[in-house]
Structure formats: C-alpha cells, structure tokens
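Sequence lines, in order, name chains X and S. Quick note: the first sequence uses our numbering, first residue 476, plus one each step. Quick note: the second sequence uses our numbering, first residue 476, plus one each step.
Number of protein chains: 2
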Amino acid sequence: MDSGDRIRVERSGEQYEGVCMPSTTEDHVVLKLDGGYNIGIEREESHVEVLDSGVYDIDSEVDGDESSVVEIDPDLPTISLISTGGTIASTVDYRTGAVTSQFDAEDVLRAVPDLAGRANYRGRVVANILSENMTPEIWQDLAWAVHDEIENGADGVVVMHGTDTMQYTASALAFMLDTPVPIVFTGSQRSADRPSSDNVMNAVCAVEAAMSDCAEVLVCMHATENDTRCALHRGTRVRKDHTSRRNAFETIGNEPLGEVEYATETVTFQRPYDERGSTTLDIAPDLETDVELLKSTPGMDGAFLDLCDGKAGIVIEGTGLGHINTKFIDHIARLTDDGTAVVMTSQCLDGRVCDRVYDTGRDLLEAGVIEGETMLPGTAMVKLMWTLANRSSVRETMQTSLAGEITERSVPWT
Amino acid sequence: MDSGDRIRVERSGEQYEGVCMPSTTEDHVVLKLDGGYNIGIEREESHVEVLDSGVYDIDSEVDGDESSVVEIDPDLPTISLISTGGTIASTVDYRTGAVTSQFDAEDVLRAVPDLAGRANYRGRVVANILSENMTPEIWQDLAWAVHDEIENGADGVVVMHGTDTMQYTASALAFMLDTPVPIVFTGSQRSADRPSSDNVMNAVCAVEAAMSDCAEVLVCMHATENDTRCALHRGTRVRKDHTSRRNAFETIGNEPLGEVEYATETVTFQRPYDERGSTTLDIAPDLETDVELLKSTPGMDGAFLDLCDGKAGIVIEGTGLGHINTKFIDHIARLTDDGTAVVMTSQCLDGRVCDRVYDTGRDLLEAGVIEGETMLPGTAMVKLMWTLANRSSVRETMQTSLAGEITERSVPWT
Numbered sequence: 476m477d478s479g480d481r482i483r484v485e486r487s488g489e490q491y492e493g494v495c496m497p498s499t500t501e502d503h504v505v506l507k508l509d510g511g512y513n514i515g516i517e518r519e520e521s522h523v524e525v526l527d528s529g530v531y532d533i534d535s536e537v538d539g540d541e542s543s544v545v546e547i548d549p550d551l552p553t554i555s556l557i558s559t560g561g562t563i564a565s566t567v568d569y570r571t572g573a574v575t576s577q578f579d580a581e582d583v584l585r586a587v588p589d590l591a592g593r594a595n596y597r598g599r600v601v602a603n604i605l606s607e608n609m610t611p612e613i614w615q616d617l618a619w620a621v622h623d624e625i626e627n628g629a630d631g632v633v634v635m636h637g638t639d640t641m642q643y644t645a646s647a648l649a650f651m652l653d654t655p656v657p658i659v660f661t662g663s664q665r666s667a668d669r670p671s672s673d674n675v676m677n678a679v680c681a682v683e684a685a686m687s688d689c690a691e692v693l694v695c696m697h698a699t700e701n702d703t704r705c706a707l708h709r710g711t712r713v714r715k716d717h718t719s720r721r722n723a724f725e726t727i728g729n730e731p732l733g734e735v736e737y738a739t740e741t742v743t744f745q746r747p748y749d750e751r752g753s754t755t756l757d758i759a760p761d762l763e764t765d766v767e768l769l770k771s772t773p774g775m776d777g778a779f780l781d782l783c784d785g786k787a788g789i790v791i792e793g794t795g796l797g798h799i800n801t802k803f804i805d806h807i808a809r810l811t812d813d814g815t816a817v818v819m820t821s822q823c824l825d826g827r828v829c830d831r832v833y834d835t836g837r838d839l840l841e842a843g844v845i846e847g848e849t850m851l852p853g854t855a856m857v858k859l860m861w862t863l864a865n866r867s868s869v870r871e872t873m874q875t876s877l878a879g880e881i882t883e884r885s886v887p888w889t
Numbered sequence: 476m477d478s479g480d481r482i483r484v485e486r487s488g489e490q491y492e493g494v495c496m497p498s499t500t501e502d503h504v505v506l507k508l509d510g511g512y513n514i515g516i517e518r519e520e521s522h523v524e525v526l527d528s529g530v531y532d533i534d535s536e537v538d539g540d541e542s543s544v545v546e547i548d549p550d551l552p553t554i555s556l557i558s559t560g561g562t563i564a565s566t567v568d569y570r571t572g573a574v575t576s577q578f579d580a581e582d583v584l585r586a587v588p589d590l591a592g593r594a595n596y597r598g599r600v601v602a603n604i605l606s607e608n609m610t611p612e613i614w615q616d617l618a619w620a621v622h623d624e625i626e627n628g629a630d631g632v633v634v635m636h637g638t639d640t641m642q643y644t645a646s647a648l649a650f651m652l653d654t655p656v657p658i659v660f661t662g663s664q665r666s667a668d669r670p671s672s673d674n675v676m677n678a679v680c681a682v683e684a685a686m687s688d689c690a691e692v693l694v695c696m697h698a699t700e701n702d703t704r705c706a707l708h709r710g711t712r713v714r715k716d717h718t719s720r721r722n723a724f725e726t727i728g729n730e731p732l733g734e735v736e737y738a739t740e741t742v743t744f745q746r747p748y749d750e751r752g753s754t755t756l757d758i759a760p761d762l763e764t765d766v767e768l769l770k771s772t773p774g775m776d777g778a779f780l781d782l783c784d785g786k787a788g789i790v791i792e793g794t795g796l797g798h799i800n801t802k803f804i805d806h807i808a809r810l811t812d813d814g815t816a817v818v819m820t821s822q823c824l825d826g827r828v829c830d831r832v833y834d835t836g837r838d839l840l841e842a843g844v845i846e847g848e849t850m851l852p853g854t855a856m857v858k859l860m861w862t863l864a865n866r867s868s869v870r871e872t873m874q875t876s877l878a879g880e881i882t883e884r885s886v887p888w889t
C-alpha cells in the first residue's frame, strides 16, 4: 500500500474507503474519504485492502524548491500559495496527540488534490508557526513575499494562516499593500486528519476567490456549519468569533463582502469592492511596533496605563460608546501631551465610537483621544502601528477609511 | 405651565403635544409624547399652550426618603427599584449638550408614569454614576442593598444601571447572592430626552420580569430595534455588543433565557431556570480585587505580564481555543508556581476553551493554566475575584458552573 492508492480499511467492525494519504507516523493510516475529509485510523487491528493503486499521483504533483511552479498550463491563471503555518498546514502528531504545524505550501497541494487543474500554482513558505506566535515582523516578511509574488506575475495570492490571529495579519497586509489582484487568507479550524476538516473546501474556495475580480485582502472561511459555501470577509472587518466552529469567522457590522459556492465554484459579491487592476502594486511595510491594545475593565489596575508612558501609541478597548473610568482621563491627557497617540475603540465591537454624548467621552476628547470610529479594536491597533510609521497626520489617517476598516458614516441614533 | 400639565408646544413650524416633564434647565421644555418618548424643546421662540392641567401628579408620586414606599396596595407585589446611575437615570445637560446621570430611583418613577399600578415600589439609591466608573467596591454595596431589600420583603428587585459595564455588575451579583426572587438589571441606550429613548419599555419590562418566577440575576433590554419586546439575558452570559443600538445586548452562545412582550406584559422563558423560592437568601460579598484581565495580541509587550507578578489572579483573553504567544508560557509557569491563579479564556467570546488540541495549549496546561471553559472573559474575571475570596479550591470552582456562566458540556468538534 502506497500513498495515492485507493484502499479499504476495516477496523472494529467499521469500513472506510478512500485514498491513502502520506502519514507522519507508522502507527496510523491517513485516509482521504470521498467527501474530501481525511481521517486517521490506527494500523493496529486494522485490515487494509488495496482496491486500485496510484489513483492520485500525490508525490509528483509538486517539487521541493522554495518557490516552485507545477504543471504550467498557459490558459490558466497563476496563483501563489503562501504558507505561514497553522491548522490548514497541520497534522496530528500521534505521539503526543496534539496538532503541530509542519506542512509547507507544497504539502497543501499534496493534501488537497482538488486544487489541481484550477490554476498554475507557485508555492512559497514565509513561516511555519501556529498563529498565536505571529509577530509584526512576520507580517512584514509576508507583505514582501506577497508583493514579490504579484510583481512576478501572480494573478492572485492565497495566504494559508492559522485562524487564531488571521484577522490581525489580514489587517496588516491591507494597510501595507496596494494590490491589483486578490490576496485571500484562508485557514482551517480542524486539521486535515479530522473527519470534519474544513481544509479542502476552504483551500478550494480561496483559490477561486484569488482568481476573482476583487483586488482586496479577503478572509475566506466556511460561511455555515455545512460544506456548501465559504464567506469572503474584508480583512479589516472580520473577527474569529468562535473557538472551534468551522464557521467561526464573522464580518462585524455587515454581511460578508461576498461568498464562494463550493459546488459551482461561483464567486459573488454583495457590495462594491476594489476591482482587479484598478490599483497599482505598492508596498509600505514600515510599522511602529511600540503600540499596545489596552482593555478597560472595572477595577483595572492603573499600573497598566503607567506602562504606556512613552509609548508611540495605544488603542483603548473602552466600554460602550468609547469610555474609560474617569479617574484615568488626566493620565490620558498627559500621554497625549507627551506625544503618545491614544485611539479609543469599543469592546462592544459593533457600532461607532462617539465621545460627544456623555461627559466621560467629552472629557476624553478634550484629553486628546482620537475616536476610532467603527474600527475593530485589533484592526485599530494594527492600523495605528502602520500609521505612526507612514503618515504624519495620525488623527486624520486614523479617522479615514483606507481599506474598508471604517464602515460608512451613520448617525449613531435618532 | 407646570410639570404634569398636558401641553402643546409650537416651534419652527412644528407642533408637539404631550405631558410637561420636570426639566433641569430653564432653557428647555421636556415633553413626554403619547408614545412614551421624551423630547427636549428649546423655550426660545417656542409657543406653549396648556391643554389640561395636572394630568399626571408627577411630583407627589414619590417622596424624598432614601428608601420609600409609594401607594401601598396589599394585592400587589413589592418591587424594589435600586438606582446606580446610568442613562436610564440620565438627562441631557443643555448647557454642555452632554448626558449626565443625575436622577435617583424616584425620578425614574416620575419619568416613567407607566410603572404606576403594577406593583408597590420601594426606591433606593446605591450610586449615581455612569457605569464606566463602576468599581468592585460598588458591586459589594449593591449586593448588600439588594440583599437587604429582599430580606425586608421585596418580591423582586430592579437594578437601574449604566449599560457600559452592566454585564460585569450583573455577573458580580450572580456570584455574590443566592436569591429567592428575581434580580433584574435594566438600563437605557438613549436618554429619556431622546425621541428614541428605550427607558420606558425597558423599565416596564424589567418590573414585569422582577414579578416573574425566575429567581436569577437577569439583564432586561430591548430584544430588537422595535418597541415590541425585551430579552431576558442571564447576567453571566450577556454582553453589550453594539455601542448605540437599543438592542445592544446579546446572550453569547445561545438564545436569551426569556423575554417580555411589552404590549401584553407576558414573561416567557425558553430554557430551565432557578424558580422563585427555590433558593434561600444568602450573600457572600467578599472579593479579591487584585485580579486583572489581560488581552493577548500579536506583538504584545511582555511588560504587561511582568505587571502580573505577585497578583492574586489574572484572566487571559487568549486567541482561538485559548492560546498565547509561546514565548510567554515560561513566565506563566512562574506565575502559577508563585501562587497566581491564571485562567485562560478566548477573545473569540463564543465557544469553549480547549487547551488539549494544540502544542501551545498543552504547554499552557502544563504551566498550570486553568481552562475557563465557555466563560466570557469579563465574567471569568469577576468570578475569579469572587472565587479567590470565597473558595479554597480555585481550579475546581472556576471550572464548575455556579450561576449559568459555563454552558453545558459540548464536544468542541467531531
């Protein structure tokens, strides 16, 4: 039995049929079921029957170069698959039972044979980390990699990324890059070894979105619990809202920008977007990383605010319309006097910050706070890092939508 | 023209008819429209006509004692209205244009004549603050006030509270009090002076809920944008999710526990709850306030973690299933070794923390982190303050649902 063989595995009275996939240990057979799910079955006490050998020529689909092109078909667009690690590029380490990130972009092609024939692929590895370990420095490496791929002719880019911090990285690229082609983040909530893995459908839909007309930074993940369609979220407006569900990602304050129907490979958009080719490729990768996100809670230790003295900027995740305990306002005034940019957002997540309504807010405005409009707190933090390194007019830049991060003006109420 | 008169105001070609309400300045007439909304109209260039005098005997409805009983009808239940400030007890200060909190519980009775006849009311003021200034110390004062009102015969308690931090205070009371009667938090997203104020319906529905069979700490706020019904949220599972909408509150991970239909005054529950009288009144008001909520973000300054050295406890708002940058795990192990309780929650908000899936999580468990199950980060912070002061088995208490804060066991995925 080799990888690529069609096999039947029988164990504990259950039968499984599918394609044998490469496995990282001797203890398990990894089987791709016909529905696209991969499952791992313990070899011990399993009976394996080879039904057909070499159904998928898995190992020859990609070669081992750092940036490699597979089976060039001049009629197909070129999509660059950039891997940063995360679950979509993960497998279970059966020795510890934990999921580790160890695949590169080429392994994704091996693991998702359904990608074949849709495009010419280039693979590139920028990092191989679980995304809780993502840093602003890797955002910069990634931005350069995406820039170079586009400069070298990629018609679209798919970034494979852990879901934990995907929203932060997608925001960072949205501010750092002007792009004439789609840049589509995708990932996986369940590793390829789990029966319910979402890696195949997410990867396929992301490639379809990368060939679409929308030249923006998008996040492509399951739209529902089912394997019917992926949502396309604007990178600056999306949040991972559930720890484990496959449809964990949500556009805050609106419907997703678009969607990809899996069965028909149809990409549709419900709202205006930047069209392919309407923007010239450019990169502004500098970041001022001396920026923090501070969440305001009842009883918060003022020492956390002391730590912000001398920082380039802070984003406060305030309460309600954008408030913080009144006792901290004098300190905030000193911070802004000393040149620290202080941006107010809301832990409500949805809705506009409006510090003109209540006394606390008006005092905060007098203390020099910049209202974060409708920006998500995490997006505002990333944008402030970018703004402080690239623009002299910090207040104006933070209050102007650069990449769809501020939703259109609305009266907070009537 | 006096408060309580039915009047018609004409200004700039527009006519308004309603009941004249007490105003805090000479510059404006405050008019309660027939729909229940209050509006403020500048006196200058206004023409006022008194249509009927003394329609509402506003001023005599309540007297000025700190705790007062109005018009006792032995057939009606007794509801205690406890005010802490916030928008429901606010009015616009027309000098600055900002909303200030200056009404006490009795003013709410004046402002919401619809409450009359539903119950015998007792008014009590615990604080008069906007809720961004709420502190654990005031949670304790409030818990005692609620305890004493119930001990003195209240059949239900309505707590009027600013919406910014209502979820934290409701959680605190849910842990501090065993209650045989409903304790219902309500507030207002728009002050009584705005045409769209939600104060009347929220107050009426909260009183109806306080007379219901559900002896839990509830949050009663608009369920939709319309004035049709209020949702009843369990205090430990609710979040303010929008800065300004009237239906800003959401139960995370489930439908609300119940609802109140405004027109019919019908209170219904969709899930099991603690029934009236099933619990004996008790209070455990102690809190260990040396507890912080720390949000993990890419690029977070490790100095924030240094600040947690020696603290009694911290709750981390991690990413995904409950992760933080791997480089901080050794520090977390030192914290737990030194006796700091470290609880992991997720900034996803919805879903269960599960640190058994990925390497990072398994390392965190080895470092002594307590998984926060499905608890909201803010609720976990409040519960940790309570647990450290009241229970010796911190881990077990944090992982056991005491007041509905942990939703029932579910497999994170299949």
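The beta-carbon is built from N, C-alpha and C at its ideal position, and this holds for glycine as well.
Per-residue contacts from residue i into chain S (C-beta, under 8 Å)
i, result
"P778/X", "The identity of residue 778/X in the sequence shown is Ala, whereas the question assumes Pro. Within chain S, the residues near A778/X are L782."
"H636/X", "Neighbours of H636/X on chain S: none; closest Cβ ~12 Å, over 8 Å."
9 Å Cβ cut-off: residues of chain S touching residue i
i, result
"R827/X", "T718 and S719"
Contacts of residue i in chain X (Cβ-Cβ under 7 Å)
i, result
"G821/S", "A small fix is needed here, since residue 821/S is Ser in this sequence, not Gly. Chain X residues near S821/S: T718."
"D639/S", "T794, G795 and H798"
"A878/S", "Chain X residues near A878/S: none, gap ~18 Å exceeds 7 Å."
Chain S residues whose Cβ lies nearer than 7 Å to that of residue i
i, result
"L768/X", "K770 and T772"
"L824/X", "D716"
Supposed contact pair residue j and residue i - C-beta distance, whole angstroms, cut 8 Å
i, j, result
"F650/X", "C695/X", "Contact flag wrong, Cβ pair sits at about 19 Å."
"P760/X", "Q642/X", "Their Cβ separation, rounded to whole angstroms, is 19 Å, which puts P760/X and Q642/X out of contact at 8 Å."
"T739/S", "P655/S", "About 26 Å; that fails the 8 Å criterion."
"C823/X", "D716/S", "6 Å"
"I789/S", "T815/S", "6 Å"
"P657/S", "A618/S", "Rounded, the Cβ-Cβ distance is 15 Å, inconsistent with contact."
"L782/X", "L732/S", "L782/X to L732/S, Cβ: 39 Å. No contact."
CB contact flag (residue i, residue j, <8 Å)
i, j, result
"G836/S", "T638/X", "no"
"V679/X", "L590/X", "yes"
"V817/S", "V844/S", "yes"
"N674/S", "A586/S", "yes"
"T640/X", "E607/X", "yes"
"V484/X", "V504/X", "yes"
"I799/S", "E848/S", "no"
"R597/X", "A620/X", "no"
"F744/S", "C689/S", "yes"
"M926/S", "L859/S", "The displayed coordinates of chain S run from 476 to 889. Any statement about residue 926/S would go beyond what the structure contains."
"S555/X", "E624/X", "yes"
"G632/S", "I613/S", "Going by the sequence as given, residue 632/S is Val instead of Gly. Contact flag unset, no."
"R481/S", "V494/S", "yes"
"T764/X", "P611/X", "yes"
For residue i: DSSP bridge partner residues
i, result
"D825/S", "H717/X"
"V832/X", "Answer is none; V832/X lacks a bridge partner."
"H798/X", "T794/X"
"K858/S", "The partner list for K858/S (beta bridge, DSSP) is empty, contrary to what the question assumes."
"A706/S", "M696/S and E734/S"
"A816/X", "G788/X"
"I845/S", "V818/S"
Of all the residues that make up the region 846-875 of chain X, which are near chain S by a beta-carbon distance shorter than 9 Å? T849, P852, G853, M856, V857 and M860
Residues from the region 644-667 of chain S in contact with chain X, defined by Cβ distance under 9 Å: T644, A647, Q664, R665 and S666
Any C-beta of chain S within less than 9 Å: which residues of the region 796-815 of chain X qualify? L796, G797, H798, I799, N800, T801 and K802
Select from the region 607-630 of chain X all residues with a C-beta closer than 7 Å to any C-beta belonging to chain S, and list them in chain order. E607, N608, M609, T610 and P611
Using a Cβ-Cβ cut-off of less than 7 Å, list which residues of the region 745-764 of chain S approach chain X; keep chain order. T764
Where the region 688-709 of chain X meets chain S: residues whose CB sits under 7 Å from a CB there: Listed by position, the residues of the region 688-709 of chain X near chain S (Cβ gap below 7 Å) amount to none.
Residues of the region 718-741 of chain X in Cβ contact with chain S at a cutoff of 9 Å, in chain order, please. T718, S719, R720, R721, A723 and G728
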